[in-house]
Structures are given as C-alpha cells and as structure tokens.
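Per the working numbering, the very first residue in the sequence shown carries number 1; after that it's consecutive. Glycine included, C-beta positions come from ideal geometry on N, C-alpha and C. Being a predicted model, the structure only gives us computed values, none of them experimental. A short write-up of the structure that comes next.
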Amino acid sequence: MVCKNCSKNATDHFCSHCGQKTSVTTLSFTDILHEGWHNLTHTDKGYFKLFWDMAAKPGITINNYLKGQRKRYFSPFTFYIVTTSLLILSTHWVFKYEDAKFHINNEFGNYVAQNLNYILLCSIPVITILFWLMFKRYFSNLAEAFTLMMFTYGALNFYLIICNLFFFIFIRLHYVYMGYANLIGYFFVFYIIYSFLRPLSFWNVLKLLLMVFFFYIIVQLIGPAISLIIYGVPIKILINSFSII
Numbered sequence: 001m002v003c004k005n006c007s008k009n010a011t012d013h014f015c016s017h018c019g020q021k022t023s024v025t026t027l028s029f030t031d032i033l034h035e036g037w038h039n040l041t042h043t044d045k046g047y048f049k050l051f052w053d054m055a056a057k058p059g060i061t062i063n064n065y066l067k068g069q070r071k072r073y074f075s076p077f078t079f080y081i082v083t084t085s086l087l088i089l090s091t092h093w094v095f096k097y098e099d100a101k102f103h104i105n106n107e108f109g110n111y112v113a114q115n116l117n118y119i120l121l122c123s124i125p126v127i128t129i130l131f132w133l134m135f136k137r138y139f140s141n142l143a144e145a146f147t148l149m150m151f152t153y154g155a156l157n158f159y160l161i162i163c164n165l166f167f168f169i170f171i172r173l174h175y176v177y178m179g180y181a182n183l184i185g186y187f188f189v190f191y192i193i194y195s196f197l198r199p200l201s202f203w204n205v206l207k208l209l210l211m212v213f214f215f216y217i218i219v220q221l222i223g224p225a226i227s228l229i230i231y232g233v234p235i236k237i238l239i240n241s242f243s244i245i
C-alpha cells in the first residue's frame with residue numbers, strides 16, 4: 001500500500017513514516033463527525049480528558065507533558081485556542097439569552113466579557129515573564145513557564161464554559177453571580193499552579209498568592225478599564241470614577 005499522506009510504502013494499519021491510517025477513503029460527513037467526537041472524548045488526548053486531568057491531577061499532568069509525554073495529552077496550545085473560541089461564543093449566547101429573557105440589554109457587560117479574552121491573550125506573555133522571574137528555579141527555560149500558562153488558562157477557560165452552560169440553564173443567576181464565578185476561577189488557577197510547583201515554602205506560597213492576585217487584577221480590573229476606554233468612555237471620567245472608589 002502507498003500512504004495517501006506522504007506517498008511512502010506502508011505495510012500495516014498505520015504508515016511507519018507519518019503515522020496516518022492506511023485505510024483512509026473518500027471523506028464523508030461520518031468521518032467529520034467521528035473526528036470531531038474523537039477529539040472531544042478520546043481517552044488519551046481529548047478536551048474532556050485533559051480538563052479532567054487538570055482538575056484531578058494538574059501537577060502530574062503538566063510535569064508529564066514537560067518531561068516528554070506529548071502524545072498522551074492534547075496540545076495545551078491548541079486546547080487554549082479552542083477553549084478561548086468556545087468561551088467567547090458561549091459568553092455571547094448567555095448575554096443574548098439574558099437580554100431576550102429579562103430585557104437587561106447589558107451591552108457593555110457583553111462587550112467587556114468578549115474583549116477580556118483578547119486582553120488576556122495579549123497579556124499572557126507579560127504574565128508568563130513575570131511568573132518565570134518569580135519562580136525561575138522551577139523551570140528549565142521560559143518556554144516551560146509559557147506551557148504552564150497555556151495549560152492553566154485553557155483549564156480556566158473550560159471551567160468558565162461550564163459556568164456559562166450553568167448560567168444558560170439558570171439564566172436568572174447570571175447577572176448576580178457571574179463575578180463570583182470568575183473569582184472562583186482564580187482559586188482554580190492557584191490550585192493548578194500550586195500543584196505543579198509543590199512542595200513550596202511558606203514564602204513561596206505567599207508569592208504565588210500575590211502572583212495569582214496580580215493576574216486577577218490584570219484580567220478582571222485593568223481589563224475592563226481598557227474595555228471602557230475602547231468602548232468610548234473618556235479617560236478623565238474613568239480616572240474620576242476610580243478616585244471616588
């Protein structure tokens with residue numbers, strides 16, 4: 001047999017050169033659905049499996065990936081991009097349904113929620129560098145710290161998607177409790193990073209708490225302030241409102 005992907009001779013169910021199945025035929029909708037479901041649920045490297053691993057044993061999962069067990073887990077970088085896209089979409093649905101149900105018309109809330117994901121994406125390099133400088137001895141290089149952040153914020157996105165599904169069902173709770181859901185998410189962030197770094201001294205635990213609090217400030221306070229400016233609120237009014245607080 002000749003592999004349809006790399007044109008090399010193949011004698012088994014998988015090509016020994018590129019790894020593709022030798023039984024590939026004309027693409028059908030069944031193949032597309034199977035591939036999508038496989039990516040979501042595959043026991044070795046699906047989205048759900050990775051999120052479960054990040055919730056149950058985040059330290060072991062990240063360490064295994066950094067030590068070379070790449071095939072076993074879904075790519076943290078793809079995981080982050082996919083969960084970010086799903087979070088943006090699900091957040092839009094929740095706000096739209098809330099507006100239709102209760103006529104709140106929280107356009108700014110929806111605008112901020114959507115833009116926070118882009119602000120976070122832009123701030124991750126800064127967050128990674130600051131975190132690496134604080135805990136440099138735990139990493140071989142900056143790339144490992146960046147990978148940790150991809151794992152962490154991908155898991156945070158997945159948690160927030162679950163929250164959006166909950167709020168979509170119990171939409172009456174969304175306006176009041178969405179801020180608390182975001183806050184709990186950063187306790188989840190602390191848990192993931194602590195599990196990876198431990199054992200930690202009391203001083204390092206305090207440093208980690210401060211770093212996670214700093215991440216929260218960037219995303220949940222500075223992020224909305226930037227969104228206000230982009231939305232059209234004059235900086236002078238924004239400064240005055242903060243001075244009143």
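Shown here, ASN117 sits in a helix according to DSSP, grouped into three states. In this structure PHE77 is not in contact with LEU148, their Cβ atoms being roughly 12 Å apart against a cut-off of 8 Å.
Excluding its 5 nearest sequence neighbours in each direction, LEU165 has no C-beta neighbour in its own chain below 6 Å.
HIS13 counts as exposed, since fewer than 16 other C-beta atoms from the protein chains shown sit within 10 angstroms of its C-beta.
For VAL94, the enclosing alpha helix (DSSP H) begins and ends at 76-102. The Cβ atoms of TYR80 and GLY179 lie no closer than 7 Å to each other.
The beta carbon of TYR216 sits closer than 6 Å to those of TYR186, all from its chain and outside the five residues before and after it, given in chain order.
With respect to the C-alpha of LYS21, the residue from LYS8, SER75, CYS3 and ASN9 having the closest C-alpha is CYS3. A straight-line Cα-Cα distance of about 15 Å links ALA225 and CYS122. In this structure, the straight-line span from the alpha carbon of MET54 to that of THR83 is close to 14 Å.
Sequence-distant partners of VAL212 (beyond 5 residues in either direction) whose C-beta falls short of 8 Å from its own C-beta, in its chain, are TYR186, VAL189, PHE190 and ILE193. If you keep only unbroken alpha helix (DSSP H) runs of at least 4 residues inside the segment 173-226, you get 174-197 and 202-216.
Between LEU156 and LEU87, the CB-CB gap reaches or exceeds 7 Å. For the options TRP93, HIS103, ASN63 and MET1, the alpha carbon positioned closest to that of PHE167 is the one of TRP93.
ASN9 sits in a strand when the DSSP states are folded into three classes. Cβ neighbours of THR128 within its own chain (closer than 6 Å, five residues either side excluded): ALA145, PHE146 and MET149.
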